[in-house]
Structures are given as structure tokens and as C-alpha cells.
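This report refers to the structure that appears directly beneath it.
Protein chains: 2
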Amino acid sequence: MKTFIAILLTLVAAAANAAIHTETIEYKQGDTALEGVLVYDDAVTTPRPGVLVVHQWLGLTDYEKHRAEMLAQLGYVAFCADIYGKGVRPANTKEAGVEATKYKTDRALLRARVKAGLDVLEKNKLVDTRRVAAIGYCFGGTTVIELARSGAGVAGVVSFHGGLDSPTPADGKNIKCKILACHGADDPHVPARDLAAFETEMHDAKVDWRLIKYGGAVHAFTQPMAGNDNSKGAAYNERADKRSWQDMKQFFAEIFK
Amino acid sequence: MKTFIAILLTLVAAAANAAIHTETIEYKQGDTALEGVLVYDDAVTTPRPGVLVVHQWLGLTDYEKHRAEMLAQLGYVAFCADIYGKGVRPANTKEAGVEATKYKTDRALLRARVKAGLDVLEKNKLVDTRRVAAIGYCFGGTTVIELARSGAGVAGVVSFHGGLDSPTPADGKNIKCKILACHGADDPHVPARDLAAFETEMHDAKVDWRLIKYGGAVHAFTQPMAGNDNSKGAAYNERADKRSWQDMKQFFAEIFK
Chain A
78 MKTFIAILLT LVAAAANAAI HTETIEYKQG DTALEGVLVY DDAVTTPRPG VLVVHQWLGL
138 TDYEKHRAEM LAQLGYVAFC ADIYGKGVRP ANTKEAGVEA TKYKTDRALL RARVKAGLDV
198 LEKNKLVDTR RVAAIGYCFG GTTVIELARS GAGVAGVVSF HGGLDSPTPA DGKNIKCKIL
258 ACHGADDPHV PARDLAAFET EMHDAKVDWR LIKYGGAVHA FTQPMAGNDN SKGAAYNERA
318 DKRSWQDMKQ FFAEIFK
Chain B
78 MKTFIAILLT LVAAAANAAI HTETIEYKQG DTALEGVLVY DDAVTTPRPG VLVVHQWLGL
138 TDYEKHRAEM LAQLGYVAFC ADIYGKGVRP ANTKEAGVEA TKYKTDRALL RARVKAGLDV
198 LEKNKLVDTR RVAAIGYCFG GTTVIELARS GAGVAGVVSF HGGLDSPTPA DGKNIKCKIL
258 ACHGADDPHV PARDLAAFET EMHDAKVDWR LIKYGGAVHA FTQPMAGNDN SKGAAYNERA
318 DKRSWQDMKQ FFAEIFK
């Protein structure tokens, strides 16, 4: 009987996995080769909302692919963008810092890179281009807000523990989409002055925005690999992770109406 | 056909209204007579979550009763507490200011008054006492957080544009319940120093809390009678009203599991 149940569970798991289609897609921004990952539930054949997923400073990893799978299970077409370039996958935080800084100090390049990913998503026939959003983690959170600042015609963006600073706050006026910023109340990587500047930017530009502060959460609160020691400034927080995912779903329910 | 549809709609509306039971309840705190309003859907007979509703500075009005009806329609037993006393219903903002100040400067009395209302709710046989929350608007927001600071055994409290200040921040350590503070990002009635002090209080006491800032919203953003002129510092904001109600529902879904 136990063997039978084990086989049955394996079959059920296989069936569940089989529905999720995962595909590596090479694309370009200028002359730079990029390599993203498209994920969707292949049981659905009609156009549906698309969600761009932008990686943290370590580049595109299994973490983003897992989030894309979670989005696919919600019925969305998800595409994990590659900002750094094909094969550029930092091996440690030192290398990650070098890569992330390249783009944080060249916002025009960052915008071009994320836009290239958005184009791939929007060209997919399964995507309803009137219902597209972008989400991002840490560096990716900064990136999706930068995408909004570029005037992109997405319905909304969600930043999870992203840096909220901008070298050109006046660009807030370009924002056409809705913004949800999910922020760890104890995040030492987002200084109070950045938070205040972000709020001023959103206010001055009359953006449709909201910000959620999760008590007890520091940087990287959605990432299990960040460990659980808040004193390090970055740590996983299951409570804030689950709540922010719910908050994202509620945001999507509103913008994808 | 049109007449038939009109009659049908009237009947449907009547049936929907008939299910909502509204009852004035007199009770006491010390020697002071108080008069609250109990609201629930009388179609339900088994215990369900209870929600205490605490009024704004104008005292218990039709506004709170309407919110209680909305909660009843969600399947909760709602009780509108009376903090000021039977018949004490300020006729204007000047009188409201006098009443509210009495309690804001005597937190022990405020706690006793809200506790008396909570007792009425919890004694009702339709209420599942393991699943009780309190929500409040403006003055009532301050009140429900004060209820939490008193160590009340509720599952959670929700403040809508409430004052977040505390004369005794150390009381944060008494808080046993979860806290959701819904805050207008442009609310001039909640100074930045109060917001910062609130966050410090929650942090220091390791409270399970979250705060949502709604862009473009000022004080009283859930109250249609506040008008729509943000420059007055208090104004209705339909977007923030609807979102904060959704956020409250999501909070309840979590704490009433």
C-alpha cells in the first residue's frame, strides 16, 4: 500500500510539473547577448497577463526561476530577464557588487537592459500586452522602478526589498504605471534618506503608489538563502515573504482587472 | 419586463437587507452609560469572528454603522463601541476636539472605555472569542492601538488613518496581537516624528506589525464626508479607501485562520 501511495504521489508530482513549461531564451540588447528564462503553464492557450521577473545582484539564478514557476502556477506568463549578459553570473557577493554597481551608476543602460527583457515577454503570443507587470528583488526591485521611471507602458511594478534611490528624481514624472514597494522596516541597505526621497519623488510626480513596511524584516526578506540572522542586515523572514507575496497578488488582482 | 426586473431587484435588495440584524446595546464602563451598536447577518447561527469598530472623533455615527454592516456582510459579528458615552455625540469638529482630547490625554480611561466595548462583543454567543479583532478610524485608530498596548487578547487590530503616538512607548511590550496601520502618505495630522516613534516602539517591543502608506492620501481617506480637497489635510480618497479595506480583509484572512 505504501509503495502504491509513493508511486501515486510521484505521478501526481510529475503531472503537476509537466504543466509548467520552462524555456531558455537568448536575446540581445544592442550587441550584448542576454539569456532569460520563460515559464508558463502549458495547459493554458489563451492570452494571459505577463510578469517580468528581475533578478537580485547575484544575477539570474534558480531563485528567480522558482518565483517564475510560482507566477506560472497563478496563471501568468513569466519571463526572468537577464540584465548582466549571457554567462555573467557572479560567483560571490564581491563580484555581484561589481556587476550591480555598473548598472546602478548607469541608469540609461539599466533601463535599456530591462526594456529588452520586457520586449521578449510582450512579443510572446501567450501574453495579453494590456496586462503586463514587472517584479524585482533587491537590485531587481531598483530595476523595475527604473523601468517605471523610463515611462514603460506596463500596468504596474512591484519592488521587493529594492533600493529606492534615483539619481534623477525628476524622472518620476514619466511614470505611467502603478507602483507597490514592499520594504523591510529594518532594512539597513535602504537608508531613511532614500526612502524619504522616494516618497517625495512619488508625491511630486503624482504617481499612483503605495509602500508596505513589514515589521521585523531586514534586506532580502524573501530569500531563504539569506539565512535568518537579522543582525547581518540581510535575512529571510518567512512572515514578510508570505505577506508580500499576498500583497503582490492583491496588487495584480487590481491592475489586471 | 422592466417593471418585473425592478420588482425583482427590490425584492433581492430587501432580502439582502433583511439578513442584516442591527441592535442598539446599552452598557457601562464604571458609572458611565455607553451605547453601542451590534450588527450581524442573522442567517448565520454558528460562532464566527467578531470585529470591534471604534469611531472617529465625531463619536459613533452612521459612518461606523455602515462599516459594521460591511463587516456583517463579510460574515463577521461587528460591534460599534461607544467611547464618549450615551448621548455624547459632538455636533461639530470643535466639540469633537474637546471630547477626543479628554481621552487622548487620559489613555487609562481610553483603554477602559474600549475594553468595555470589547467585553460586550466577546460576551455575545455568536462570537468565536479566539477570533476577535478591532478596527478604528482616526481617533478610533489611536484607540485600537491603545487597546493593543493594554495587552488585550485580541488577534489583531487595524488602524485607518489613526494617530500613532503614545505617551508611554514602553507599553509596546504589552502588545500580544498583530497590528496593521493603514496610513495616508500625505497625512499632515500624523507628524513624521509620531510615525518614527511608532515604528521604534513596534521594533523595540518586537511586535508583529506592518504599516501601509497609501500615496496621494491625506487624513480621513476612508470617509466620503471629508470631501475631496487634499489641501484641507483631510479628504476622501476612493482608491486608498478601497485598497485599505482589501488590506484589512487580507489581514483578517491571516489572523482568523
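Chains A and B are the protein sequences, given in the same order.
78 is the number of the first residue of the first sequence in our numbering; add one for each residue after it.
78 is the number of the first residue of the second sequence in our numbering; add one for each residue after it.
Ideal Cβ placement from N, Cα and C applies to all residues, glycine included.
Those residues of the region 270–299 of chain A placed with their C-beta closer than 8 angstroms to a C-beta in chain B are E276, M279, H280, K283, V284, D285, W286, R287, L288, I289, K290, Y291, G292, G293, ordered along the chain.
Between the alpha carbons of R188 of chain B and S227 of chain B lies a distance of about 7 angstroms.
Across the structure, H98 of chain B and E146 of chain A are spaced so that their CA atoms are roughly 46 angstroms apart. In this structure, the beta-carbon distance from I212 of chain B to V284 of chain B does not fall below 9 angstroms.
Put simply, the CB of A262 of chain A is near chain B, with a gap under 9 angstroms to one of its CB atoms. Of all alpha-carbon atoms in B:Q150, B:Q327, B:N169, the one lying nearest the alpha-carbon of K255 of chain B is that of B:Q327. Burial is judged here by how many other beta carbons sit within 10 angstroms of a residue's own beta carbon; S308 of chain A has fewer than 16 and is exposed.
At least one CB atom of chain A sits nearer than 9 angstroms to the CB of D324 of chain B. Per the DSSP secondary-structure output, A110 of chain A pairs in a beta bridge with A:K105. Our two residues, F298 of chain A and G304 of chain A, have alpha carbons roughly 9 angstroms apart in a direct line. Shortest Cα-Cα distance from D242 of chain A to any of A:Q106, A:D263, A:K253, A:C215 involves A:C215. Close CB contacts of W286 of chain A within its chain, under the 6 angstroms cut and outside five residues either way in sequence, are with I256, M279 (chain order). Interface annotation, R226 of chain A: not in contact with chain B, CB-CB separation never under 9 angstroms.
Contact between H260 of chain B and L288 of chain B holds, since their C-beta atoms are separated by about 6 angstroms, short of 8 angstroms. As a beta-bridge residue in DSSP terms, E100 of chain A pairs with A:L115.
Non-local beta-carbon contacts of D159 of chain B in its own chain, meaning distances under 6 angstroms to residues more than five positions away in sequence, involve L111, E112, G113, L137 in chain order. For V295 of chain A, same chain residues with a beta-carbon under 7 angstroms away, outside a window of 5 residues either side, are G261, D263, D264, P265, N307, G310, A311, A312 in chain order. Taking all protein chains in view, the Cβ of E223 of chain A is crowded by 16 or more other Cβ atoms within 10 Å, so the residue is classified as buried. Assigned with DSSP and collapsed to three states, P126 of chain A falls in strand.
Under the criterion of beta carbons closer than 8 angstroms, V235 of chain A and A274 of chain A do not qualify as touching, at roughly 20 angstroms. Between W134 of chain B and E100 of chain B, the C-beta spacing is not below 9 angstroms. Within the same chain, L129, V131, V191, A211, I212, G213, V234, V235, S236, G239 come within 8 angstroms of V221 of chain A by CB-CB distance, once the 5 residues on both sides are set aside. Taking 9 angstroms as the threshold, the shortest C-beta distance from I256 of chain A to chain B falls below it. Residue contact check for Q106 of chain B against chain A: no CB pair falls below 9 angstroms.
Against chain B, the beta carbon of R320 of chain A has neighbours under 8 angstroms at R287, E331, listed in chain order. With respect to the C-alpha of K105 of chain B, the residue from B:Y291, B:A173, B:A193, B:V165 having the closest C-alpha is B:A193.
G152 of chain A is positioned such that its CB atom lies closer than 9 angstroms to that of V121 of chain A. Contact between Y140 of chain A and Q300 of chain A holds, since their C-beta atoms are separated by about 6 angstroms, short of 8 angstroms. Shown here, S308 of chain B sits in a helix according to DSSP, grouped into three states. Note on geometry: alpha-carbon atoms of Q150 of chain B and L203 of chain B lie some 15 angstroms from one another. Comparing C-alpha distances from E331 of chain A to each of B:A155, B:A330, B:S321 shows the shortest one belongs to B:S321. Per DSSP, D271 of chain B is one residue of the alpha helix (DSSP H) stretching across 269–281.
For a Cβ distance threshold of 7 angstroms, residue set Q323, Q327 of chain A lies close to Q327 of chain B, ordered along the chain.
Short of 7 angstroms from the beta carbon of P124 of chain A, and not among the five residues preceding or following it, lie these beta carbons of its own chain, in chain order: L203, V204, D205. Contacts with chain A at 9 angstroms (Cβ-Cβ) do not include R190 of chain B. Nearest CB-CB separation between R316 of chain B and chain A: below the 9 angstroms threshold.
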